[in-house]
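To keep things clear, I will list the structure first and then write my remarks on it.
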DNA sequence: CGTCAAGTACAACGATCGCTGTACTTGAAC
DNA sequence: GTTCAAGTACAGCGATCGTTGTACTTGACG
């Protein structure tokens, strides 16, 4: 159940401080924001001295870069893994994408929306990596949706996939802003209709 | 063509520094981010000394508050004024909402997405006004969509209005992240279908 | 035990930035 | 011309925060 060790290579064996730091980054940057999270708090949560942190990452900006990479590679963080499940039919995968609810059921506070998007917003012009990472990820996600739509037998997979991408994005964003699950239900309803009429309801 | 003078009351007549400051805030906070915009730059763009700025607003946080109010009240900033046009039928208003393209046509760089949403993201937990303002505005926008859907004669205005709200939000967000007008076109296409089949295509 | 890399404690520097005190200027109204 | 509010110039304080230097500890391994 260990996360993929895509972070090795820099240090030899040691006590695995780097991994703890990265996990703390994922936790804190995502929930409290990048700017609001100081290196002191970061080191504290990671059970590491700030000095050690700087022996693994040359700067906070570099750590943010690693944080972005991790989020982008570890799809589970964004809750988009349903599309990868090979034990489900393409149509079912699309339906479940909109049926699943991220994290804890009701009263799931502190939902701050897509961490990638937030990172791009926080670092307005500086830190171009963030903007690039969001763009890359969202584009890839849309492509996956189009592919799945094609696999599901939709007559116009391009249109369906991209429209579902817009819908998914809107559902997440609006439910975050409103602090309300409603939009997720609305999107699910509409997605069901679209997918149904495109793949022919048996 | 003057913006509504909702900001008067504090100062008597003078030279109207307050208004210039607020305009600079709208310009800079929206395009470069709140945190990235220091009071010095703000005062500079407003052609005002920082000292004067602090004679109009007790703190930067207060200025941000005024900035949020202005954005919320001045609907033109967010490009959602189409819904108010009484010279158009309800159905036409809905269609145009998705047909219009915000600001300069192609190569409209520096599109940073919804300023309200961004403000809420930037001020993670601090500055609860921001979160409240976004929620209030998005909710009100959805209500307006539902009302317009009803006026357009949709059989289920609640469902249509809320779904269009999700769609609109997704289109804006995705096109910002991708730096690409595509999602706006996709959303427009889908919106046309939804509105058409709900109000009966003549 | 001795070694060596990984980690630590702590103080401090330097830069940024919000904010203020003070003395000064300006321009309109009477 | 006097008056008074509005605006200005500028230096500087205080707090936060990223970053680093130095001397010290710890624990696995031969």
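Residue numbers (the working numbering), protein chains in the order written: chain A, 1 to 202; chain B, 1001 to 1202. For each residue, glycine too, the CB sits at the ideal point set by N, CA and C.
query = Relative to the C-alpha of residue 58(A), which residue among 195(A), 39(A) and 166(A) is closest?
reply = Here residue 58(A) refers to the residue found at position 58 of the first chain. Comparing Cα positions, the closest option is 39(A).
query = For residue 156(A), does the count of other Cβ atoms within 10 angstroms reach 16, so buried, or fall short, so exposed?
reply = Numbered from its first residue, the first chain carries residue 156(A) at position 156. Flag for residue 156(A) reads exposed.
query = Where does residue 1112(B) fall in DSSP's three states?
reply = For the purposes of this step, residue 1112(B) is taken as residue 112 along the second chain, with counting starting at 1. Of the three classes helix, strand and coil, the one that applies to residue 1112(B) here is coil, per DSSP.
message = Taking only three categories from DSSP, how would you classify residue 77(A)?
response = Here residue 77(A) refers to the residue found at position 77 of the first chain. Residue state, collapsed to three classes: helix.
query = So with Cβ pairs under 8 Å, would you call residue 69(A) a contact of chain B?
reply = The residue you call residue 69(A) lines up with position 69 of the first chain. Output row for residue 69(A): interface = no.
Proximity test, Cβ basis, 8 Å: residue 187(A) and chain B = Here residue 187(A) corresponds to residue number 187 of the first chain, with the count starting at 1. Judged by the 8 Å Cβ criterion, residue 187(A) is in contact with chain B.
ask   = So, is the C-beta of residue 1167(B) closer than 8 Å to a C-beta in chain A?
value = Taking the first residue of the second chain as position 1, residue 1167(B) is located at position 167. At least one chain A Cβ lies under 8 Å of residue 1167(B).
query = Is residue 1107(B) buried or exposed, if buried means 16 or more other CB atoms sit within 10 Å of its CB?
reply = The count along the second chain starts at 1 and reaches residue 1107(B) at position 107. Low per-residue confidence applies at residue 1107(B): pLDDT is 45, beneath 50, and the placement is therefore not dependable enough to give any value.
ask   = What does residue 102(A) touch in chain B if you count any residue whose Cβ is under 7 Å from its own?
value = Here residue 102(A) refers to the residue found at position 102 of the first chain. In chain order: nothing, as chain B lies at least about 16 Å away.
request  = Taking only beta-carbon positions, decide if residue 22(A) is within less than 8 Å of chain B.
outcome  = If you number the first chain from 1, residue 22(A) lands on position 22. Residue 22(A) does not count as touching chain B.
message = Pairs of beta-carbons, one from the segment 136-144 of chain A and one from the segment 160-178 of chain A, closer than 8 Å: are there three or more?
response = yes
request  = Quick one: which residues of the segment 132-161 of chain A get their C-beta closer than 9 Å to a C-beta of chain B? List them in chain order.
outcome  = 134, 135, 137, 138, 139, 142 and 159
message = In whole angstroms, give me the CA-to-CA distance for residue 26(A) and residue 1124(B).
response = On the first chain, position 26 is the one that residue 26(A) refers to. On the second chain, position 124 is the one that residue 1124(B) refers to. For residue 26(A) and residue 1124(B), the distance between alpha carbons rounds to 15 Å.
ask   = Would residue 35(A) count as contacting chain B if we go by Cβ distances under 8 Å?
value = Translated into positions along the first chain, residue 35(A) becomes position 35. Judged by the 8 Å Cβ criterion, residue 35(A) is in contact with chain B.
Supposed close pair residue 30(A), residue 46(A) - CB separation, criterion 8 Å = Counting from one through the first chain, the residue named residue 30(A) turns up at place 30. Counting from one through the first chain, the residue named residue 46(A) turns up at place 46. At roughly 15 Å, the Cβ-Cβ gap does not stay under 8 Å, so residue 30(A) and residue 46(A) are not in contact.
task = Would you grab the beta carbon distance between residue 75(A) and residue 172(A) for me? Rounded to a whole angstrom, and I think it's under 8 Å.
result = Along the first chain, read from residue 1 onward, the residue named residue 75(A) stands at position 75. Along the first chain, read from residue 1 onward, the residue named residue 172(A) stands at position 172. With 8 Å as the limit, residue 75(A) and residue 172(A) do not qualify as a contact, their Cβ atoms being about 15 Å apart.
query = Quick one: what does DSSP say residue 1037(B) is sitting in, helix, strand or coil?
reply = Position 37 of the second chain, counted from the first residue, corresponds to residue 1037(B). It is coil, neither helix nor strand.
ask   = Would DSSP call residue 45(A) helix, strand or coil?
value = Counting from 1 along the first chain, the entry for residue 45(A) is found at position 45. Three-state DSSP puts residue 45(A) in a helix.
Proximal residues to residue 28(A) (C-beta, below 7 Å), its chain only, five neighbours per side dropped = Taking the first residue of the first chain as position 1, residue 28(A) is located at position 28. The residues are 37, 41, 42 and 45.
ask   = If you run the structure through DSSP and keep just helix, strand and coil, what is residue 1180(B)?
value = Residue numbering aside, residue 1180(B) sits at position 180 when the second chain is read from its first letter. Of the three classes helix, strand and coil, the one that applies to residue 1180(B) here is coil, per DSSP.
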